[in-house]
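Residue numbers (mature numbering (1 follows the signal peptide of the UniProt record, and there is no 0)): -17 to -1, 1 to 621. C-beta: ideal position from N, C-alpha, C; glycine also. Below is one structure; the comments refer to it alone.
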Amino acid sequence: MDLLTVLVFTLLTGVMGYSSIPPSTSCSSMTPEHSPSAQTTANPYQLVISKNTYSPCDQIQVTLQGLEASTQFRGFMIQARSAADSSTYTTYGSFATATGVGNPCERASATHANTGKVDKSSINLNWTAPNSDVGNIVFVYTVVQNYATYWVKQQSSTLTYLAGAGTLCNTAATTTASGYTEGTITRPTDCGKVISCFHDGCKGGNCEFMLTWKETGDDILFSLACKRPQNAYCAIGLSKDEKMGDDSVFECVSNGGQVDVYLSYNSGRTNSRLDQPKFGLSDVTTSSKDGVITCNFKRKKVAPSNTGRRKRAASDASTFFDLNSDFTLFYAIGSASSGILIKHSASPLVSSQVADFQSIQEIGGSRTGGNLVKAHGILMVIAWMLLASFGIFSARFYKDVWPEGFEWFSLKRWFVIHRACMVTVFLLTAISFIIIFVHVKGYSEITDSTYAKSHPILGIIVMALTLINPIMALFRPHPGTPKRPIFNVAHTLVGVGAHVCSIVNIFSGTALAAAKTPDNVRIVLWVYVGWLCMVDLVCYIYACKTKPASVKKAQTVPTAEADGSPAGGDTGKMPILGSSKKGESFELNNTAGDNDSSFQQAGVKSFKVWVLAVQGIGLFSLSLAVIIIVAIGESDEM
């Protein structure tokens, strides 16, 4: 073949007989294995580097060009070596793949070759610095002008190490059977010492993402690296509190293999790009390799004012946070469509402390706060979807089901069920109420444009009504007294009102970002509402069909009052929650003589017992479905 690939050189067409597998001596000596010898005259080429310092994983542009525009070359080899011993074949960093450029040598991460046959006057390569200080570096290069003319081991100016924000690099970590290499993100050695970092903990030294920053005059130099595929994004939000909403966001977005940086703003749960999406940004460089996207950029500390687009700049400036202040950091990931963000697919990771961009910090993050929110939601589902629904249902339709002789603990069965359910509802609601107040550290102000912003105030109303009802029950009038009907109406209104408010609040709670619940949970909730309506309708129809006969018997049998108290009325001396068979728990609504002697002889109404069992199974199944969805939350799509 006509390629001297061993040296990463492209030679003249007539040169033949070289192996496609280069000998290692060529990679080390950087010398073509043919005569004549290398030139000793002045080198007509130069290697220009975009900067003279490097930080961990910096992106530096390396340009090989002739001293004169007309001077061209056919082939080249470039290696980054130690300035202290450039003769030793030890290379550092890595070059990004470029068209017509290969890496045939053993040290492929830092060796490049022009494998085409077209003469060039210049070529630009992107070099990524190593992820730690390796001392001063020089680029050693050999350049071939033609078969007989080439210069060997020429040197660029020296790169000196400068501790700084740098960028985050990815190295080969895992190779699958298909040959795909998954990139890794490593923690910089000077993280928290020279540069500031925000990451996910980097278990086993492997990070899911890494944000670094360093103050540079009027700017902050940022670098964000994250494991994301094509058409996806990772983003950092700057928040004035620990809640999403009113956040300044910078996005690192992969769009069909192209990566770019944009600024946006969260208003409630809505994210919008700034009119000028690169407002206040400079020195933007990006990369995508082996499943890791990297965005490096400088951001002004304060909003720029010297712009001709004054109206747009003024609008963007209002959502451009001053980096002289401290902020809680949010890290979010998700998919992107044509470069536009889709709602984050995983719960945002929140920094464990505020970021001070004027100091050196190492900050971790967690999603542990979400567990408290989930606990709050699950307890409310158990309390109101399951127990309150079942307890209210038993009190409304089951006072006439079990006659005397079918008591539990000398109390009517419906009353035992109702009281057990509602006492547990009160306890679970109180615990859930405390949990969420501890989590948000007080009252939660939700800046949402939908009904979800009513969630905190409705929650307080539910807690208040839940507390009022048992207090009312402790002071309720005895059966048969004039004020008893007033209590019955008030008790029902407070109980049903609390139940309705709680269900509305469960709907609104699932719409909040902090709940991190998939949208399909609301399908289950609507099924639950339909289930309640259907079962209640069945019981009302059954009551209507059986009521006339009961009313007729009640009018002829004087053994019990219409309200269920003993014949002759309750004297008021019976214990409110006592064990007397004729005590408070025997009280019935004015629904006809449901507790008459003829009914007692008829026995238990088996149809309604079956309905009660079906109701319990239905409520349990629907509540369990919601609990599972809430517990699992949104999937962490990668």
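So, for residue i: in the same chain, excluding its five sequence neighbours on each side, which residues have a beta-carbon less than 7 Å away from its beta-carbon?
i: A608; result: V507
i: Q336; result: I346
i: S247; result: V232, E234, N254, S255, R256, L257
i: Q344; result: G175, S179, A338
i: D201; result: K283, K284
i: Y133; result: P15, A21, Q22, T125, V126, V127
Given a cut-off of 9 Å, decide if residue j and residue i are closer than it, judged by their beta-carbon atoms.
i: F340; j: N307; result: yes
i: D41; j: T143; result: no
i: V518; j: V594; result: yes
i: V311; j: D229; result: Looking at the sequence itself, residue 311 is Thr, so the reference to Val does not match. No, they are not a contact pair.
i: Q48; j: S105; result: yes
i: L413; j: L450; result: Contrary to the premise, residue 413 reads as Ala rather than Leu in this sequence. Yes.
i: Y37; j: L204; result: no
i: N109; j: S265; result: no
i: residue 622; j: V356; result: In the structure as shown, the chain starts at -17 and stops at 621, and residue 622 therefore has no counterpart that could be examined.
i: F303; j: K283; result: yes
i: V613; j: T475; result: no
i: V275; j: I444; result: no
i: G58; j: V117; result: no
i: G425; j: N452; result: no
i: R64; j: V135; result: no
i: Q137; j: L207; result: no
i: residue 625; j: M227; result: Because the chain here runs from -17 to 621, residue 625 falls outside it and cannot be looked at.
i: W397; j: S377; result: yes
i: S139; j: Y216; result: no
i: Q55; j: M13; result: no
Just tell me which of the options has its CA closest to the CA of residue i.
i: I316; options: Q62, E191, I451, S485; result: E191
i: I178; options: G184, W196, R505; result: W196
i: K436; options: P171, F490, S589; result: F490
i: L194; options: D183, D201, G200, G187; result: D183
i: Y525; options: N129, L369, V384, V267; result: V384
i: Y511; options: W367, C527, F59, T464; result: W367
i: V487; options: G360, K103, L257, T132; result: G360
i: S219; options: S206, F313, G480; result: It is Ile, not Ser, that sits at residue 219 in the sequence shown. Ranking S206, F313, G480 by Cα distance to I219 puts F313 first.
i: G616; options: L495, A596, V31; result: L495
i: V592; options: L410, E198, P331, F389; result: F389
i: G187; options: R170, L457, S415; result: R170
i: S342; options: T199, F458, T71, T24; result: T199
i: A79; options: D305, T54, N107; result: N107
i: L457; options: L362, T464, F470, A447; result: F470
i: D102; options: L370, S53, G166, K528; result: S53
Ordered along the chain, which non-local residues of its own chain (more than five positions away) have a Cβ less than 6 Å from that of residue i?
i: V364; result: S606, V609, I610
i: P113; result: Y75, G76
i: S562; result: Low confidence applies to S562: its pLDDT is 38, below 50, so where it sits in the model is not reliable, and the reading given next is rough at best. The residues are S393.
i: N572; result: A caution first: N572 carries a pLDDT of 40, below 50, which makes its placement in the model unreliable, though a value can still be read off. Excluding sequence neighbours, N572 sits near nothing in its chain.
i: K466; result: P460
i: V267; result: V244, F280
i: T484; result: What sits at residue 484 in the sequence shown is Cys, not Thr. Answer for C484: L441, I444, V445, listed in chain order.
i: K294; result: For K294, the predicted model reports a pLDDT of 48, less than 50, meaning its position is unreliable; a value from the coordinates is still stated below. Here the set comprises nothing.
i: I400; result: S377
Note down, in chain order, each residue of its chain lying with its Cβ closer than 8 Å to the Cβ of residue i, except the 5 sequence neighbours on either side.
i: G239; result: Q213, N214
i: A91; result: Unreliable positioning characterises A91 in this predicted model, as indicated by a pLDDT of 37, which lies under 50. The coordinate reading is nonetheless provided below. No residues qualify anywhere along the chain.
i: V242; result: C235, V236, T269, S270, S271, I276, T277, C278
i: A51; result: Contrary to the premise, residue 51 reads as Glu rather than Ala in this sequence. The residues are P27.
i: G601; result: W514, V518
i: A66; result: G118, N119, I120, V121, T141, L142
i: N189; result: A156, T167, I168, T169
Any beta carbon of chain E sitting closer than 9 Å to that of residue i?
i: S335; result: No chain E is part of this structure, which consists of one protein chain only.
- Item | Stretch pair the stretch 208 to 217 + the stretch 228 to 246: three plus CB contacts closer than 8 Å | yes
- Where in the stretch 426 to 496 do unbroken runs of the beta strand (DSSP E), each at least 3 residues long, occur, reported from the N-terminal end onward? none
- Item | alpha helix (DSSP H) segments (min. 4 residues) lying fully within the stretch 361 to 415 | 372 to 380
- Query: Along the chain, which unbroken stretches of the beta strand (DSSP E) at least 3 residues long are found entirely within the stretch 52 to 86?
  - Reply: 58 to 65
- Quick one: which unbroken beta strand (DSSP E) runs of 3-plus residues sit fully inside the stretch 160 to 213? Chain order, please. 164 to 168, 179 to 182, 192 to 199, 202 to 210
- Which residue spans inside the stretch 223 to 267 form an unbroken alpha helix (DSSP H) run of at least 4? none
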